[in-house]
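Under the numbering used here, the residues of the sequence shown are numbered 2 to 138, in order. Here a beta-carbon is modelled for each residue, glycine too, at the ideal position from N, C-alpha and C. These numbers were taken from a predicted model, which means no experiment stands behind them. Inspection log for the structure reproduced underneath, given as structure tokens.
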Amino acid sequence: MASHAHEHAELTKGGAHPHHVLTQPMIIRVAGALFALMAITIIAAIYMPEPYKGYTVPMQVLALAIAIVKGGLVVWYYMGVRFGTRLIKIFAFGGFIWFFTLFVMLCDYTTRPYEPVKGWEKVSSSALPRSTAKEPD
Numbered sequence: 002m003a004s005h006a007h008e009h010a011e012l013t014k015g016g017a018h019p020h021h022v023l024t025q026p027m028i029i030r031v032a033g034a035l036f037a038l039m040a041i042t043i044i045a046a047i048y049m050p051e052p053y054k055g056y057t058v059p060m061q062v063l064a065l066a067i068a069i070v071k072g073g074l075v076v077w078y079y080m081g082v083r084f085g086t087r088l089i090k091i092f093a094f095g096g097f098i099w100f101f102t103l104f105v106m107l108c109d110y111t112t113r114p115y116e117p118v119k120g121w122e123k124v125s126s127s128a129l130p131r132s133t134a135k136e137p138d
């Protein structure tokens with residue numbers, strides 16, 4: 002019985018775990034990492050090597066990778082997912098997967114008109130009807 006009471010000693014009146022507060026050194030380290038990643042993004046944009054100056058794809062990939070890391074830092078530390086339960090971590094990760102899936106589907110949907118192969122339809126394809134009147138056969 003005593004061990005059971007000891008397990009719940011850290012619970013508050015409502016039965017919830019107390020609020021986790023980041024220490025000031027941790028906040029400063031995470032903020033420093035965010036500023037460093039921002040500086041890396043800016044420096045990479047300014048000092049991109051000459052063979053890649055004309056191509057935007059490497060810069061976009063680098064900037065997107067850095068943005069994902071920065072977003073992960075903010076969610077993990079500042080939004081408290083690090084101190085959350087396993088269920089919170091699963092839903093946070095699942096939310097990112099869901100957002101990425103929707104982003105890929107949106108990219109596919111918006112680039113459909115740029116397909117190089119002509120389709121079998123007589124009119125250009127679109128999700129929205131061009132007119133409500135029926136065409137004569």
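Selection Val-58, Tyr-79, Ile-47 evaluated against Ala-34 yields Tyr-79 as nearest (Cα-Cα). The beta carbons of Ala-64 and Thr-86 sit about 33 Å from each other, so the pair does not count as a contact at 8 Å.
About 5 Å separates the beta carbon of Ala-93 from that of Val-82, a gap short enough to meet the 8 Å contact definition. The segment 65 to 78 makes contact with the segment 22 to 37: 3 or more CB pairs, one atom from each, lie closer than 8 Å. Per DSSP, Met-80 lies in no alpha helix (DSSP H) and is assigned neither H nor E. The shortest CA-to-CA distance from Phe-97 to any of Ala-37, Ile-69, Tyr-110, Thr-57 is the one to Ile-69. Leu-74 and Val-31 do touch by the CB rule: their CB atoms are close to 6 Å apart, below 8 Å. Per DSSP, the continuous alpha helix (DSSP H) segment holding Tyr-110 begins and ends at 87 to 111.
Inclusion of Met-49 and Met-60 in the CB contact set at 7 Å is warranted, their separation being smaller than that value. Per DSSP, the unbroken alpha helix (DSSP H) holding Met-27 starts and ends at 25 to 47. For Val-58, the enclosing alpha helix (DSSP H) covers residues 58 to 74.
In the three-state reduction of the DSSP assignment, Glu-116 falls in the coil class, being assigned neither a helical nor a strand state.
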